[in-house]
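Just so we're aligned, residue 1 is where the sequence shown starts under the numbering used here, counting upward by one. We treat Cβ as the ideally placed atom computed from N, Cα and C, and that holds for glycine. Remember, it's a predicted structure, so these values are computed and weren't measured experimentally. What follows is a single structure, written as structure tokens, with notes after it.
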Amino acid sequence: MEVELSHRDQDILKATVISYIKTAAPIGSRSITKQFDFGLSAATIRNIMADLKDLGFLLQPHTSAGRVPTEKAYRFYVDLLLEENRDLSEIEHYQLAKTEDLNTLLHDASKTLSILSGYASIVMAPRIETIIFKHIKFISLKKNLILAIFVTGDGHPYNITVEMDEPLSQKELDRLSAIINDRYSDRSLDEIRKSLLTEMHEEKKRYEQLLIKVFDLNKKNLNEFQENQLFLEGTTNIMDLPEFTETEKIKSLFKAFEEKVALVKLLDRCLSSEGPQVLIGSENAFLEANECSLVISSYRLGEKDVGAVGVIGPIRMEYHRVISLVDYTAKLITKAHLC
């Protein structure tokens with residue numbers, strides 16, 4: 001059963017979290033008394049902090065030490081922040097240049113976000129299912145090997161090499177390309193995948209294997225595509241934080257950053273959510289293993305949420321700044337891409 005904190009308890013808890021985020025050192029009652037004007041004695045604050053410890057909001061590393069927020073405390077604090085109107089006064093000058101080149105836009109956004117946040121930034125390009133298809137070209141390479149080159153609505157080409165059980169002539173491949181381009185240009189890959197094999201009646205049997213391999217995108221192709229569509233910046237910022245001074249922790253975290261498919265899945269989980277989302281430590285296995293939190297928000301192209309922008313940092317993150325930064329950046333990407 002959730003315990004409802006009094007306003008006084010909430011104030012002391014928020015003050016403790018804010019102080020610890022700034023100092024990374026256990027917080028005592030005297031420190032709270034000096035920094036915040038609650039009109040309470042150090043003894044009263046000490047008693048409140050003891051109660052918060054009993055409720056699981058604070059930890060006391062040593063008997064004589066101050067208190068440290070738990071994940072439960074951070075979740076309480078973050079939930080309050082998400083309900084508040086965000087202060088954009090410090091970042092309203094930050095803009096992204098309008099461009100048709102989405103990759104350049106996302107890369108610039110990731111670099112700027114890492115600089116402004118002081119943590120690692122991560123930006124995911126649109127999910128492959130949402131990409132708008134423009135046209136495709138099949139090229140017979142040798143024997144049963146076919147190169148499929150498809151171009152997206154924003155002009156980016158992507159290649160998939162397919163091995164067939166039976167050879168197809170270049171003339172057949174040209175005919176198939178013409179049919180697909182005529183019927184499916186300007187539709188999303190997801191729409192094409194759902195209708196392709198049911199609509200192409202006469203061509204289905206002969207080309208079914210090729211069409212499945214190209215448009216269904218098996219797991220290997222999907223993982224390779226997603227890895228290339230992830231923009232990660234500022235990972236070295238983590239090395240300057242007191243939480244990650246140990247060599248083994250740094251190695252573990254940097255190894256995790258290399259697992260791009262896992263990062264994509266982490267971001268993908270939040271795409272359907274409205275507004276910024278915050279995952280704290282154990283709320284996700286990837287984050288828990290590396291003692292990190294993620295602030296994420298989706299951006300839109302047209303009418304759909306297609307990609308995500310986020311910041312990964314320590315659980316002791318400056319959430320009040322980062323939530324505003326991530327939310328604002330997602331909205332800038334939406335505005336800056338010229339569809």
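Straight-line gap, residue i to residue j (C-alpha atoms, nearest Å)
i	j	result
Thr235	Arg269	22 Å
Ser64	Glu248	29 Å
Lys219	Arg321	Only weak support exists for where Lys219 lies, its pLDDT of 47 falling under 50; the value from the coordinates is given anyway. Cα-Cα distance, rounded: 37 Å.
Leu40	Ala50	15 Å
Ser273	Glu166	45 Å
Thr161	Lys143	13 Å
Leu102	Asn47	54 Å
Val17	Leu82	16 Å
Lys304	Ile132	12 Å
Leu168	Tyr158	21 Å
Ser19	Ser114	23 Å
Val68	Leu59	5 Å
Ile12	Phe244	28 Å
Leu211	Asp174	14 Å
Lys171	Ser195	24 Å
Leu222	Glu288	Since pLDDT at Leu222 reaches only 49, below the 50 mark, its modelled position is unreliable, and the value read off the structure follows with that caveat. The alpha-carbon atoms of Leu222 and Glu288 are separated by roughly 26 Å.
Lys364	Ala43	What the structure shows of the chain is the stretch from 1 to 339, and residue 364 is not part of that stretch, so it cannot be assessed.
Limits of the alpha helix (DSSP H) - the one that residue i falls within
i	result
His320	Tyr319 to Ala336
Ser282	Ser282 -> no alpha helix (DSSP H), and no H or E assigned at all.
Tyr94	Neither: Tyr94 is in no alpha helix (DSSP H) and is coded neither H nor E.
Asn47	Ala42 to Asp54
Ile136	Premise fails: Ile136 lies in the beta strand (DSSP E), Ile132 to Lys142, not in any alpha helix (DSSP H).
Glu233	No alpha helix (DSSP H) contains Glu233, which is instead part of the beta strand (DSSP E) from Leu230 to Glu233.
Beta-carbon gap between residue i and residue j smaller than 8 Å
i	j	result
Arg75	Ile280	yes
Val214	Ala125	no
Leu96	Ile323	no
Leu267	Ala330	no
Asn284	Ala256	no
Ala73	Pro242	no
Pro276	Ser297	yes
Buried versus exposed call for residue i [16 or more other C-beta atoms within 10 Å across all chains shown]
i	result
Arg316	buried
Leu141	exposed
Gly28	buried
Ile32	buried
Identified DSSP bridge partners for residue i
i	result
Val311	Ser121 and Val295
Glu243	In DSSP, Glu243 forms no bridge with anything.
Tyr158	Phe150
Leu145	Lys142 and Glu163
Residue interval of the beta strand (DSSP E) (run including residue i)
i	result
Phe57	Where Phe57 is concerned, there is no enclosing beta strand (DSSP E), given that its DSSP letter is neither H nor E.
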